[in-house]
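Asker: Chains as they are written, first to last, in our numbering: chain A, 1242 to 2199; chain B, 26 to 271.
Where a beta carbon is used, it is the ideal one built from N, C-alpha and C, also for glycine.
Because the structure is a prediction, the values reported are computed rather than measured.
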């Protein structure tokens, strides 16, 4: 009978049974049980199969630290059964065993697989013949691993909620030190958050007869106003932000001060068969007894290096377990627990440890012996005992990952027999066992003091509280009880079986020796080669052991060996939690809904969603040439540049003159860098003496605004700059009927004489105040109407209605690209790159080197003006119908790639293929032939330097 | 008179045209069941089917209301000149960074010593803009109407701060964000501002091109907490003076 009679402090509610499934079979437990405790109560002892060798594994820590009880719950793998609360109807399944946990076919690997799976086996075996590697890989992946992620998710069953939380003090760890820190900091007035990864606050108090104390301290923290996040795993320290994962919520906590009270992790011992079901850490055994009223075994042997093993022995005795013997490696183990054991007639053998666990599928016995410094049993000292439970304790290591991620260091302390945290950065405090404290009074006092220090550093408290903290500091110094000292367990394990250093990755002590022999003789190299510490426990169970093994094998001091770098996440977290919900900021124009209604094919254009076409891009092109087209160009960047120095400011930014622009006129401008390279283009319209309206490319708007602002800050001119991109919608109506359409909507004189090409006028259009720019990107008479987005759809509808009888149709980005290509208008970023200058791009006319005063890139442009560029941007035509891919290479002489195609399309108006390309200068003249290498074929095209359509711009200016 | 093409209140009904202004959030409000009315030439979402339920949401969780038609005027200029302009507009009061100032029907929100955003009731924007343009005529301070450049959402209710905490890392704790607190920052990964008008009433502003995206993010965050979209009728009921709009 595994379940014990009712125990004080037990977590289970025996009046409430819960039904669930394990591997398809019905199972039962009590409310308050975990999956593991319920299964253990039912008699299950094998909970998983190991990663590589498929060895049976049983409960070890019962605290969520080791990999031995990983299961799948409701299809989600990677759940630790020992901490996951039982729920009605749960479907629990084992992970990596075929067909079952008790009879796994792949356990053959344990028997014969060793020669094939040494450390780094993927570099040694399974590599010939090379062509079979894909097959080997598939087989190996299928055989190894810890579960399968679902490949389908018909409906997302959960979502991650993100919550940003600021706090004055964040406490990580809800044991006695953390609770004391939280209460104290909150009592001093700080805004405190406490996160603990357990299901209940109290830490080690819960399984060491301290439940009442734990509950009292929790209530004290609540009463002080502490926000408790339980269960909440602190995943890592990210430059001052601590991410805490609580069920479906990822808290991003920014605190002024942090107290880390994460306690310690009990360490296993290394000996032959140390992974058998029935081998359990002392804390694990105690948790089963005190929290779940379970008898871990009937006949136990204890092997320990510290007092906690002795305490566990006493608790097991009290639970009715026969304790056959206790082996304490410490030669001088004394104290209350030892005396109590003696009084109860339990043999306590000092200077003795376990060297072998016997059994095949579970522990049936243990071999104890005295060992030498190398871990070899002393002849004649071996004692073989029969047992079904082997409780071990190899001391502890501080759970200091958060502190280390934040910049603290850990060094080995021989007096403690474990790692010690030091050099904790400002703003962080270690408290309790993680800081090397021991004893209940010392642990709580260190917590309270850390809480006070944190609150004081955050600006809370007063002289009285500071005085009190100093007194407590002195008291702590007097107490200064060290963490319970433990003996150094033997580092070399010799035995008649596998001695596991890393349970997660099935790495044995011999594997680590092999890695050192092969030259991977530093802890970081050995880690990467053997994968020790890289499994689900992330080094909790094996970091210290691997350091000891490395030190023993290499002869180095433990402090010289060091430890591997601590990295987040400290606890397993679903990738979906980190990815979160799909959040993709997208900009849309105020007319977006209309585009959808009209059948627009909406796609990404930079960070905007834009219609590429409305179903027939070729017809849309033809409509612009023969009647009228309407395009939404709201995405254009729009900047208001105002002030007495506005003209001079623009003259400094652009290579052409803008200060002499007349009011109501527009000029095209190209922006370049200090090195004379093109970064953007657009138009500038002068609104009045001190006001200019600048447009940029859609994707360049923010960068250009930043560019302008940066230079303005440097030059300190009397200019204000306002980004009005999102304040104004803009539509372009273009085509031979554009004027007639506009005239129906406005009283403005739209005749060519009154409203010429490159004029900008303000007028009401359909009752809406507008700025109308007569410019052309698409080669036909066109009007670009800018107006408040509040009338976005209204004005779009009005133009379409007015143009209905004139054959207007909306057109999208794709037809616009064809139309602009016909005019050889460049697209910055597509037809140019970071090296393109205006001269090579055929825009020498825009650079006014005779301009007075300096301007951005002047020096470089002067240099370019005196040189022949190796490559020039030119147009080309192909009449054989082949459309070269954008990016296709233009071949130079000697048949090497020398240029590239940047744009290419079929022009429905012209009836053949046109494009832009960078070509060698010797081929850049009109009529020259160029050879394009495109997807395995060679195409011959003819160069032209004039626009393909309406080269003189007559239609544009009509 | 140079920049009237930025000013939505300049629209006129004439020659058979009768322009009606609409919020960039209108399509999404409509999809959520909003009912609209015409108010001062704006089409306004007045409720989403039940004013009572919306009021209840504002009192128990969080109500999200579209206030994009609030007038928004940007003042930009040298620090001394801007300070003079502000003093003239605020009857001598000074602006502190991080804190907005409520003067009559307008909030004066400082971005920096050279840039202030004045947020006002829609019916007040014409007069206020005119007054500011007059006040700045002799000073090197520019006034630009950004009413349409920034969309605005009111988040009202006891869970408003929790909803915002799902969207922004701005410290909204009452001790750090008192009433009238004004914080530019990142909201749902785009540039935005949060104004705590009073109590549990917050005004969130962001670029109007992000309307659909922000509506989705904010409504999603609110819905998790039992909140919902609300119309101006409910907003007006929950407080005597929710915002300059009321």
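1. Go through its chain and collect everything with a Cβ distance to residue 1560 of chain A's Cβ below 7 Å, but skip five positions before and after it.
2. Measure the alpha-carbon distance for residue 221 of chain B versus residue 1894 of chain A and round it to whole angstroms.
3. Please confirm whether residue 96 of chain B has its beta-carbon closer than 8 Å to some beta-carbon of chain A.
4. Kindly list the residues whose CB is nearer than 6 Å to the CB of residue 1452 of chain A, restricted to its own chain and excluding five residues on each side of it in sequence; keep chain order.
5. Does DSSP classify residue 267 of chain B as helix, strand or coil?
6. Classify residue 1842 of chain A as helix, strand or coil using the three-state DSSP reduction.
7. Report the rounded CA-to-CA distance for residue 2039 of chain A versus residue 2117 of chain A, giving the unit in angstroms.
8. Step through the CB atoms of chain A and report whether any lies within less than 8 Å of the CB of residue 27 of chain B.
9. For the beta strand (DSSP E) that contains residue 1499 of chain A, what are its first and last residues?
10. Can you tell me whether DSSP reads residue 1787 of chain A as helix, strand or coil?
11. Indicate whether the contact test is met: 3 or more Cβ pairs, each with one atom in the region 95-109 of chain B and one in the region 152-168 of chain B, closer than 8 Å.
12. Who are the near neighbours of residue 1795 of chain A in its chain, counting only those whose CB is closer than 7 Å to its CB and skipping five residues on each side?
13. Could one say the Cβ of residue 1739 of chain A lies closer than 8 Å to chain B's Cβ atoms, at least one of them?
14. Which ranges would you report for the beta strand (DSSP E) in the region 1618-1706 of chain A if only whole runs of at least 3 residues count?
15. Tell me the DSSP secondary structure of residue 38 of chain B in three-state form.
16. Taking one C-beta from the region 179-186 of chain B and one from the region 82-93 of chain B each time, how about it: are there three or more such pairs within less than 8 Å?
17. Would you tell me roughly how many angstroms separate the C-alpha atoms of residue 1403 of chain A and residue 2046 of chain A, rounded to the nearest one?
18. Output yes or no for whether 8 Å exceeds the beta carbon distance between residue 1671 of chain A and residue 1684 of chain A.
19. Step through the CB atoms of chain B and report whether any lies within less than 8 Å of the CB of residue 1628 of chain A.
20. Tell me which residues share the same chain as residue 1432 of chain A and place their Cβ nearer than 6 Å to its Cβ, disregarding the 5 neighbours each side in the sequence.
21. What does the alpha-carbon distance come out to for the pair residue 176 of chain B and residue 2008 of chain A?
22. Output, in chain order, the set of chain B residues within a Cβ distance shorter than 7 Å of residue 2010 of chain A.
23. According to the neighbour-count rule (16 or more other Cβ atoms, all chains shown, within 10 Å of its Cβ), is residue 122 of chain B buried or exposed?
24. On a CA-only basis, which of A:2120, A:2184, A:1276, A:1314 is nearest residue 2113 of chain A? Give me that one, please.
25. Whose C-alpha, out of A:1707, A:1288, A:1634, is nearest the C-alpha of residue 1511 of chain A?
26. Please check if any C-beta of chain B sits within less than 8 Å of the C-beta of residue 1903 of chain A.
27. Between the region 1865-1887 of chain A and chain B, which residues of the former have CB atoms less than 9 Å from a CB of the latter, in chain order?
28. How would you list, in chain order, the residues of chain B whose beta-carbon sits under 7 Å from the beta-carbon of residue 1961 of chain A?
29. Would residue 1293 of chain A be called buried (16 or more neighbouring beta carbons within 10 Å of its own) or exposed?
30. Just how far apart, CA to CA, sit residue 1415 of chain A and residue 112 of chain B?
31. If the criterion is Cβ atoms closer than 8 Å, does the pair residue 1874 of chain A and residue 1971 of chain A meet it?
32. How many angstroms separate the CA atom of residue 1508 of chain A from the CA atom of residue 1686 of chain A?
33. Against chain A, with Cβ distances strictly below 8 Å, would residue 126 of chain B count as a contact?
34. Helix, strand or coil: how does DSSP classify residue 1822 of chain A here?
35. Decide if residue 1988 of chain A is buried, meaning its Cβ has at least 16 other Cβ atoms within 10 Å, or exposed.
36. Could you list which residues in chain A have their beta carbon closer than 8 Å to that of residue 193 of chain B, in chain order?
Answerer: With the structure as the only source:
1. 1245, 1530, 1536
2. 39 Å
3. no
4. 1250
5. A caution first: residue 267 of chain B carries a pLDDT of 47, below 50, which makes its placement in the model unreliable, though a value can still be read off. Here residue 267 of chain B sits in coil by DSSP.
6. coil
7. 39 Å
8. yes
9. 1490-1501
10. helix
11. yes
12. 1757, 1762
13. no
14. 1624-1627, 1630-1634, 1637-1639, 1650-1654, 1659-1663, 1669-1671
15. coil
16. yes
17. 53 Å
18. no
19. no
20. 1408, 1409
21. 23 Å
22. 29, 30, 32, 35, 36
23. exposed
24. A:2184
25. A:1634
26. no
27. 1875, 1876, 1881, 1883, 1884, 1885
28. 101, 102, 167
29. buried
30. 52 Å
31. yes
32. 25 Å
33. no
34. coil
35. exposed
36. 1405
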